[in-house]
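Visitor:
Residue numbers (my numbering), protein chains in the order written: chain G, 97 to 446; chain S, 97 to 446.
1. With distances taken from CA atoms, which of G:167, G:190, G:324 is nearest residue 180 (chain G)?
2. Run the CB neighbour count on residue 97 (chain S), radius 10 Å, all protein chains shown included, and call it buried at 16 or more, exposed below.
3. From residue 420 (chain S) to residue 165 (chain S), what does the alpha carbon distance come to, in whole angstroms?
4. I'd like to know if the stretch 218-228 of chain G and the stretch 238-258 of chain G are in contact, where contact means that at least 3 CB-CB pairs between them fall below 8 Å.
5. Between residue 357 (chain G) and residue 307 (chain S), what straight-line distance do the alpha-carbon atoms span, to the nearest angstrom?
6. Closer than 8 Å, CB to CB, is residue 144 (chain G) near chain S or not?
7. On the DSSP letters alone, give me the boundaries of the alpha helix (DSSP H) that residue 213 (chain G) sits inside.
8. Judging by CA-CA distance, which residue of S:256, S:194, S:316, S:161 is the nearest neighbour of residue 141 (chain S)?
9. Got a sec: which bits of the stretch 210-224 of chain S sit with their beta carbon under 8 Å from any beta carbon on chain G, in order along the chain?
10. Consider the Cβ of residue 296 (chain G): report whether some Cβ of chain S lies at a distance smaller than 8 Å.
11. In whole angstroms, give me the CA-to-CA distance for residue 390 (chain S) and residue 205 (chain S).
12. On the DSSP bridge assignment, give the partners of residue 428 (chain G) in chain order.
13. Strictly below 8 Å CB to CB, what residues from chain G border residue 293 (chain S)?
14. In chain order, what residues of the same chain have a beta carbon less than 7 Å from the beta carbon of residue 266 (chain G), not counting five sequence neighbours either side?
15. What ranges does the alpha helix (DSSP H) occupy inside the stretch 386-439 of chain G, keeping only unbroken runs of at least 4 residues that lie completely in it?
16. Let's see if you can read the secondary structure: which residues bound the alpha helix (DSSP H) around residue 338 (chain S)?
17. Hey, how far is the Cα of residue 177 (chain S) from the Cα of residue 250 (chain S)?
18. Relative to the C-alpha of residue 407 (chain S), which residue among S:331, S:351, S:367, S:386 is closest?
19. Check whether the stretch 219-237 of chain S and the stretch 222-230 of chain G are in contact - that is, three or more C-beta pairs closer than 8 Å.
20. Measure the CB-CB distance between residue 441 (chain S) and residue 268 (chain S) and report whether it falls below 8 Å.
21. Quick one: which chain G residues come within Cβ less than 8 Å of residue 266 (chain S)?
22. Just confirm the distance between the C-beta atoms of residue 366 (chain S) and residue 281 (chain S), as a whole number of angstroms; I'd bet it's less than 8 Å.
23. Just verifying my parser: in three-state terms, what is the DSSP assignment at residue 442 (chain S)?
24. Could you check how far apart the C-beta atoms of residue 424 (chain G) and residue 286 (chain G) are, in whole angstroms? I think they sit under 8 Å.
25. Count the other C-beta atoms from every protein chain shown that fall within 10 angstroms of the C-beta of residue 381 (chain S), then say buried if there are 16 or more, exposed otherwise.
26. Can you tell me where the alpha helix (DSSP H) holding residue 133 (chain S) begins and where it ends?
27. For residue 98 (chain G), would you say it is in contact with chain S, using Cβ-to-Cβ distances shorter than 8 Å as the test?
28. In its own chain, which residues sit with a C-beta less than 6 Å from the C-beta of residue 339 (chain S), not counting the 5 before and 5 after it?
29. Along the chain, where does the alpha helix (DSSP H) containing residue 122 (chain G) start, and where does it finish?
30. What is the DSSP secondary structure of residue 209 (chain G), counted as helix, strand or coil?
31. Within the continuous alpha helix (DSSP H) that includes residue 281 (chain G), where are the two ends?
32. At which residues does the alpha helix (DSSP H) containing residue 161 (chain G) begin and terminate?
33. Consider the Cβ of residue 104 (chain G): report whether some Cβ of chain S lies at a distance smaller than 8 Å.
34. Checking 8 Å against the spacing of the C-beta atoms, do residue 314 (chain G) and residue 364 (chain G) come in under that value?
35. Check whether chain G comes within 8 Å of residue 125 (chain S), counting only Cβ atoms and requiring the distance to be less than that.
36. Taking contact to mean at least 3 C-beta pairs separated by less than 8 Å, is the stretch 431-441 of chain G in contact with the stretch 101-117 of chain G?
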């Protein structure tokens, strides 16, 4: 029997909306504690307002991280409200990481809008990121109750993982496509665990921590979030090559044109298929690819099995996430909600 | 009777060296937890190694912040060792803030060496700063004993102050020299309290927290550190105009050439002296000053009383720091050490 099957399972968008509604007032309140300049940049980055300060209704993100925090608490048997402070902290860290990563990656647009550094300047965007980072730590450190200190420890450990993942990703750029110095799919997975998995794992784990759950439950929730993060990254990589620009807001074959090292390409190159050698030759010139070159590269990645391998990678981590959740006793309704979210979040291409 | 006068008071450089020796192993150990790339940038920024990785003996800073943490603990009656974890955290935050501020301010050199962003690139320097920030939080959050959670709360509150101060400083640049929108000396003092005072205050306060001192003692130590920070900033402003380039490593009249809003200039402009009007006209063109213009501006700042006002500002905050320390019972030997440090740290021009 699938958990939650006895009662009517809410669809994923409804679950996410319920969580956003619970978190929104506290998130607004937190952001308003910042210097007004940083409140403005945070509201812009969260999709609440346009660059001119006018409200943009309904343009916010899905709020995966805040949802995992609340559902983690519910799964551990506590009311979702117990984890709102953790949900706020992980959302603030998410925005912090977007602000800084967009500078490092030179990304000028995100969700069809200018990135913060492009709109406000590099220096102000660095500082706004720092402000969000500090606010996240402060929010958890000031949390009432006995679990705040443990929660801060989880947040801090996640932050070092997150930064490590971004460092690994940046350093991949300088490494060759082939030979002993090439980036292996395993190294890429480790990077994704740090860069994407750590924050999702922390979100779900914090839910457990703030609910006062035993370590085994916290570990199971955090493990599920981490696996979801890796699956999420794999799907993101698929979208970066084969995604519909109308849906993703990114140029067709964007990651290939920019010669970005992603799982499908690395898996293709490691496959030993004849197409892998042709792909390596195409990428190895080091020049950004034009439209025809990128299309050819996408075909070669697919021919060498890179697309299939990435789909399998996503599926495998989704299965691991489910197994992690099923390894401990959890409240059935919340478990049902988390299980409903898992495929929804990675189903964007699969 | 001056505290410490009964026994031989150690000279300030010796006090600082003792503290550095106590903190160094833990600081090295902390920095080695980072991704190797970030360990390298941190070691470079701390003055331990050159850009090529070769050791640079004796080139480290004075270590004011770590000293305040240790002496704060001793003043509260605990061994200095109790506060090493706090000393490490504040030093890491200091380096984080230098890394990010140097990018925002476009500073290419620091202590006669390239800044980290100039040496390693902007993106890597942003990320290394983030790594140090995260490590500082993690170091305190993982501290053994009962005081870690309170210590993290102090650190988080300081971080939001620090970021607020940098925001205020950046926004001063866009404001006029005269008129109702001009930056007042009071606003500048508030900025300095946040940007420089918060970290020094946190350092001394953390010493008290980690020693298990009562809130009144922690507040007195933190207050003294904050006042020292404001005095420190005032002296830094004097050095930025009248400092000897051989000693400061900065160009003569550097802050004036760059039209930087500092306390001496703002105090001069607010003085109502005839020279203030001539100074406003000179600065108001908005063009960076040449050598002759900067010399003339420095003379006008002095004539309008800006130099005297800044010396008085530094002296007043030094006195306030002393009074804050004398408002609570502290261990005489450590109090003597802190009192010996105060004039030494601001005596660079006075």
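No residue lacks a Cβ here, since even glycine has one placed at the ideal position from N, Cα and C. Predicted model only: the values in this text are computed from it and were never measured.
Guide: Reading from the atomic positions:
1. G:167
2. Residue placement at residue 97 (chain S) is poorly supported in this model, since its pLDDT is 41, which falls under 50; the coordinates still yield a value, given next. It counts as exposed.
3. 16 Å
4. no
5. 49 Å
6. no
7. 212-216
8. S:194
9. 218, 219, 220, 222, 223
10. no
11. 21 Å
12. None; residue 428 (chain G) has no bridge partner.
13. Here the premise fails: no neighbours, minimum Cβ distance about 16 Å.
14. 200
15. 387-399, 402-422
16. 311-338
17. 19 Å
18. S:331
19. yes
20. no
21. 219, 220, 223
22. 6 Å
23. helix
24. In fact, because the Cβ distance is near 25 Å, the residues do not count as touching under 8 Å.
25. exposed
26. 132-141
27. For residue 98 (chain G), the predicted model reports a pLDDT of 47, less than 50, meaning its position is unreliable; a value from the coordinates is still stated below. Chain S contact via Cβ: absent.
28. none
29. 108-127
30. strand
31. 281-288
32. 160-171
33. no
34. no
35. no
36. yes
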